[in-house]
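Protein chains in written order, with UniProt numbering: chain A, 1 to 335; chain B, 1 to 139; chain C, 1 to 858. Ideal Cβ positions, reconstructed from N, Cα and C, are used throughout, including at glycine. Step one of this worksheet: look at the structure below.
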Amino acid sequence: MPRSKARAAARPKALSAALTLPLLAGCEGAQSALAPAGEDAAVLATLFWVMLSGAVVLFLAMNGLFFYLTRIRVQAQSETVARWLIVGGGIVLPFVVISALLVWGLSILPDHRQAGDGLRIRVTGEQWWWRVEYWPEGATEPVISANEIRLPAGQRTELILDSAHVIHSFWIPALGGKMDMFPGRETFLSLRPTQPGTYRGQCAEFCGASHAWMAFEAHVMAPEAFDDWLAAQAGPAQTALSDAARRGAGIFTREGCGACHTIRGTEHIGVVGPDLTRVGSRTTLGAGRLGVSLDAYRAWITHTGDLKPEVEMPAYDHLSEAEATDLAQYLRGLE
Amino acid sequence: MNDESNTSDRPREDEDRHAFAAEAHSLWRITFAPTVWALHFVLCYGLVSLSCAKELIPIATVQAVLTALSLLALAIIAWLGFRSLRQWRVLVTGQLEHPEGTPESRHRFLGHAAFLLSVISAIGVIFVSMPLILIGGCQ
Amino acid sequence: MSADKAALPPPDRRPLGPYPPTPEMLAEPVPEALQRAQADRLRAAWRTPKGWRYWTAVNNTEVGKWYCLTALAFMLCAGVMALIIRLQLAVPDNDLVSSDRFSQLFTLHGSAMMFLFAVPMFEAISILLLPGMLGARDMPFPRLSAFGYWCFLIGGTFVLVSILFDIAPRAGWFMYPPLATQDEGPGSDIWLLGLSFIEIASIAAAVELIVGALKCRPPGMRVNMMPLYAWYVLVVGGMILFAFPPLIAGDFLFELERSLDWPFFDPTRGGDPMLWQHLFWIFGHPEVYIVFLPSIAIAAMVIPTVARRPIVGYSWIVLSAVGVGFLSFGLWVHHMFTTGLPSISLGFFSAASQAVVIPTGIQLFAFLATLLVGRVTMNLPMLWIAGALAVFTLGGLTGVMLAIAPFDFQVHDTYFIVAHLHYTLFGGMIFPVIAGVYYFFPFISKKMLSERLGRWSFWLIFTGFNICFLPMHLTGLLGMPRRIYTYPTGLGWDWLNLISTVGAFIIAAGFLVFVWDLLRPKGKQPQPPRNPWQAGTLEWSHDIPEEAWGVRSIPHVTTRYPLWEQPGILERMDAGRYYLPDAEEGRRETLITSVIDARPLQVQRVTGPSWITHVAAAFTGGCFIFPTFGYYWPAVVCGVFAGMAILYWLWTATARPPEAERKDVGLGLSLPTYVSGPDSVGWWAMWITMLGDATAFASIIFGFFFYWTAQDDFPPDGALHAGAGETALAALALAAAWGLVLLARRWNRHGAVTAARLALAGAALTAATGGGALALAVWPLDPTSHVYPAVICAIALWICVHAALAVVMHLYCLAGSFAGKLTPHHDADLCNVALFSHFFVLSSLVACAVIGLAPRLI
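Here it is as structure tokens:
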């Protein structure tokens, strides 16, 4: 089974190189299902290219026949041919084509839920961000993060998905298919990324006003690098702070940010919003909404609702520019 | 036009009931084969749900039972198809279209339609049975 | 007084006289003077009201036209919403509309296109065309069509206007809970109640169309000779009956959650959002075929005309329609491939989704085969059909891809789906419908549309469509999800979206040309020929200038294409040689024939212009619209008035004993004017309606077992059950009510009128007792606490409402008996009520078993 899968994963490269070189440029993109970086996505991309080729042939045949009959040979022709056309085109051809396609499709259908190699990640959909827990094999308590997924390359990771309030859908197109996230019910997905890199994921099920801004980045890392990163993530937040950051920490406490956010190693243990212990190490802000420049942090703190409609976090627009900068410095420094 | 001289075609009081009774075996037969498909489909979906969601029956048992049921459904559809093929009488008459305004033409038309629906239903049952063989377990 | 009548022998209701007519009878000329006199009387009976009374018209040609134009107007509104959506998405990070407004726009765009355009358009076109194709004078229940239309107008306007007040529904056209149930503001209620109201109107239209296709065919038109359009109407009508009720049941549960906080879809109290997805898509997928099949039916009318020969593979097309009708109910989970159901279950639906390709393909190949054997003359309608074929095959092929579940895991809820569904709906609905408009326009308005404008609009819409939607396949594969109000730059989506927006405006330009062509004044245009395309089916026997009578006389049909294959038929129809050429009593009448062989059975008096339909529709509207804003008492008052209006309408206009028991319908044939039971159209309508009602009830029962399957603790340990004694009493009383109705029918028929009245009164009493007992049984439960008591109470509520209906029906019959409307020989009302009782007793017993027994056993 694994060998056949490896072959299936190898085929698209040869195939796409031959057939679709000019198209390839248009298929790239951090969120593209046609630029696969994992085993699951690669199989599905092959499936697509094969089906597309078949569809193009059938489309041309059907419409070509129509054109021929209405524009080129308009005079009446044999009724026997017509009846065989119905039997051949209506029953025999689709039966054969579809049977073959079904055998292929059904045989790979359960693959996206096959067992993983040890690491499990629990992702909970919130409006509109992602609560993330890493459970390495044998762990008794998770490493908590948010709005970013990191995966070891070459290993199959299991994702346990659920949701807090409404239905979301977890999807990293470059790595594999999507899976819905329900409140009150767990769903399950496993992914085996192959190429280290950064890919974009996004919620695919309409979940309210800021559905458009519920995204995240998925970083596929070499396994050793991943292990190091996970070990570093587990500890409490950084305490060596610059002056500005120290002022920012004060503002964080004064404004009551800790009622919603946790920063491990401090008194802030809120669980309403994303865990900020290592927010500075992430590559996006506000679940894929913004980059991580100082300006982005400031904008997020002071214009939250404008950037993300109906978001629960209030905009701290009463902060002076200096205060906002200090707070941003503090958070940005939490690496 | 040619049948307008046929005056034996008199209307009767309880027309519908008679028409249904006389033709019940062919009018309703149109829907028999797809109904077998539908029952087969509902059983497949229902039993698998009971097995995977409610865990009442082991999935392997369900798959075996359903595979057997698929064969049974195919056999019933084949039998229905055979009967409607006889009603269609194409092998005897060689006639493929039944546009005439006669009871016989209508009778054979219904046979033809029922036969074709058996073919479609058989394909439906075959397709729906494929997951039973190709996919194992509840995953 | 009725007791005296009972002594009389029952009237002879057999058709008498020669049938079918001989060639000699048909060859006999009708005197000119008689022809003129008959035509004048017919014209008077069918005259369309003038002035402001025009709006009381119920004739299928008028109602059909209003229906089509209203659906078109709603479609254009939804189209404008689409343009705003496209403008917003033209460039990344756009802020033309807010996120909230955008959600309202796409929710309403989808809902309006589906519920206010696609399905009603089928009903509208069918109401307009079907009687013509069948050589009937009208639909069997003209006032029902009119009532349905006014409901549609009120409900549709209400739903659409909500966006002007910024309170439109905004949780997507699929209204997934918990997002939709938790949504603040009236949006979700507007969707639920407004569209439930229209769904009920749709079911009414389906009932009417099924009865029309089964019972109003011209004499001699056996099932193997029906125009293919009528076959499709039958299949689609049947699909509506089984597809809409699950959604209505879902709406019922949903609204109970919204208004009364019964937690059907709330996971914190045992509810399950998945139940809604199941109920919605059991409706939603057949819906796609409900939209698609009628358009194929239009193609099946156009193609033989273009090919100048009968369709090849008539039986094949019938088989495909019936086959698609069945298979389309096994596909619904392909909208739920990513919900985490077991792979093997997904496999079943994946396979069934592929199986439906085969009958769909057969239809297309039958059309190609017809073109192959015919001598094709391309005309404007055919150009649109050609466009439909090109667009639909592409949509169908992407459909085959999507039915492979693993591929769907990638593209589900992306722009690939948006592209796919628009390809199927434009190719499977918009293009064929416009082809139909060009083809049937001379029949509908007795004018021609412009060839030049038609070509302009075709090429604009066709190219615009492909520019707009072809790139979306790639947009989706590049990862763009649906329903996002904006997107960041840098993901490769920017230029694709811009191209799509440009395409959308080209489509809009094409529609402008089309609508202008449709609505521009055509007063000076010369009259078109009567049969401009030289078609072979009966609708082209229409009169120019227009006559409201439908057909001058109802022909005897012996071929599939009477105008091609029955020489002289047109002249004889015009001369009044065939059936019902006259209206001696000045009443509107049409012929009822048998289901399979279309032998004439009865002369049906059909209803004429009236305001009662408006009154009934307005109050029904109030009953659905007031609760949206939480005004429950006005809603109840409206409901009562609506009920009274409908009762008045039924009492004054349906199943009245006729002044003469039979009449001569021409060609020596004499038919009864009153029948009851399975011979009557009313009985069929009741049967079909109850089938839909039973489906809705079954959906709620499915809900009960769904919760049981999906949850470990259903019913929860130690939960309070419904009272066993009361439930048993309810079952007994409701069964007794059923027995009494059957006895009443029997006694009434045998002349024992007093006994029948007593039985009816008893039936009313026992039905009320049964409903009351069931209400008492569930009274102690708290439906807001958990889904178990909630679903039990919902089932009980359903039965209680039906018990109340049953009481009204029994009292109606009782009143009819006293007023002489219901007599031993005129018992259609009682037969219909008995039929209702059969269904009601079945559902009552199932309900009592589920409420009282099941929880104690499982």
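Proximity test, residue i beta-carbon vs the ligand SAM heavy atom, cut-off 7 Å
| i | result |
| --- | --- |
| residue 595 of chain C | In the structure shown, the ligand SAM is absent, as is every other ligand, since no ligand is present at all. |
Bridge partners - residue i, DSSP secondary structure assignment
| i | result |
| --- | --- |
| residue 663 of chain C | C:671 |
| residue 123 of chain A | A:132, A:161 |
| residue 145 of chain A | A:132 |
| residue 38 of chain A | A:193 |
| residue 893 of chain C | Nothing can be reported for residue 893 of chain C, as the shown portion of chain C is limited to 1 through 858. |
| residue 180 of chain A | A:169 |
| residue 823 of chain C | C:826 |
| residue 185 of chain A | A:182 |
Local Cβ density within 10 Å of residue i, reported as buried at 16 or more and exposed below that
| i | result |
| --- | --- |
| residue 232 of chain C | buried |
| residue 54 of chain B | exposed |
| residue 303 of chain A | exposed |
| residue 136 of chain C | buried |
| residue 13 of chain C | buried |
| residue 524 of chain C | exposed |
| residue 78 of chain A | exposed |
| residue 492 of chain C | buried |
| residue 320 of chain A | exposed |
| residue 123 of chain A | buried |
| residue 418 of chain C | buried |
| residue 750 of chain C | exposed |
Cut-off 6 Å between Cβ atoms - residues of its own chain near residue i, not counting five sequence neighbours on either side
| i | result |
| --- | --- |
| residue 905 of chain C | In this structure chain C extends from 1 to 858, so residue 905 of chain C is not present and cannot be described. |
| residue 646 of chain C | 616 |
| residue 282 of chain C | 246, 332 |
| residue 104 of chain C | 163, 168, 170 |
| residue 133 of chain A | 122, 142, 144 |
Other residues of its chain near residue i: CB distance less than 7 Å, five sequence neighbours each side excluded
| i | result |
| --- | --- |
| residue 115 of chain B | 81, 84, 85, 88 |
| residue 481 of chain C | 413, 414 |
| residue 680 of chain C | 828 |
| residue 841 of chain C | 734, 735, 738 |
| residue 577 of chain C | 26, 30, 553 |
Spatial neighbours of residue i in its chain, beta-carbon cut-off 8 Å, leaving aside the 5 residues before and after
| i | result |
| --- | --- |
| residue 244 of chain A | 325, 326, 329, 330 |
| residue 10 of chain B | With a pLDDT of 46 at residue 10 of chain B, under the threshold of 50, the modelled position of that residue is not reliable, and the figure given next carries that caveat. Correct list: empty, nothing qualifies. |
| residue 532 of chain C | 442, 448 |
| residue 38 of chain B | none |
| residue 845 of chain C | 731, 734, 735 |
| residue 307 of chain A | 213, 286, 289, 290, 299, 300 |
| residue 258 of chain C | 181, 188, 189, 192 |
Requested in this report: Name, going along the chain, the residues of the stretch 474–486 of chain C whose beta-carbon falls closer than 9 Å to a beta-carbon of chain A.
Outcome: The residues in question are 474, 476, 477, 478, 479, 480, 481, 482, 483, 484, 485, 486.
Query raised in the report: What residues in the stretch 340–353 of chain C have a beta carbon less than 7 Å from any beta carbon of chain B?
Result: 342, 343, 344, 345, 347, 348, 351, 352
Requested in this report: For the stretch 103–123 of chain A, enumerate the residues whose C-beta is nearer than 8 Å to any C-beta of chain B, in chain order.
Outcome: 103, 106, 107, 109, 110, 113, 114
Requested in this report: Report the residues of the stretch 584–599 of chain C with a CB closer than 8 Å to any CB of chain A, ordered along the chain.
Outcome: none
Report task. Quick one: which residues of the stretch 26–47 of chain A get their C-beta closer than 9 Å to a C-beta of chain C? List them in chain order. Result -> 26, 27, 28, 29, 30, 31, 32, 33, 34, 35, 40, 41, 43, 44, 45, 47
**Report entry** Proximal residues, the stretch 98–110 of chain B versus chain C, C-beta separation under 9 Å
**Finding:** 98, 99, 100, 101, 102, 103, 105, 106, 107, 108, 109, 110
**Report entry** 3-residue-minimum beta strand (DSSP E) runs that sit fully inside the stretch 47–105 of chain B, ordered along the chain
**Finding:** Runs of beta strand (DSSP E) with 3 or more residues, each lying fully within the stretch 47–105 of chain B, are absent.
Requested in this report: Let me know the alpha helix (DSSP H) ranges lying completely inside the stretch 692–751 of chain C, each 4 residues or longer, listed in chain order.
Outcome: 724–749
Requested in this report: Quick one: which residues of the stretch 36–63 of chain B get their C-beta closer than 7 Å to a C-beta of chain C? List them in chain order.
Outcome: Across the stretch 36–63 of chain B, CB contacts with chain C closer than 7 Å involve 37, 38, 41, 44, 45, 48, 49, 50, 52, 53, 54, in sequence order along the chain.
Query - Contact residues within the stretch 82–99 of chain A, judged by C-beta distance below 8 Å to chain B - result: Cβ contacts with chain B: 83, 91, 95, 98, 99.
Report task. Could you name each continuous alpha helix (DSSP H) segment of 4 residues or more that falls completely within the stretch 200–261 of chain A, going from the start of the chain to the end? Result -> 223–234, 243–254
Query raised in the report: In chain order, which continuous runs of the alpha helix (DSSP H) of length 4 or greater are located wholly inside the stretch 184–250 of chain C?
Result: 187–215
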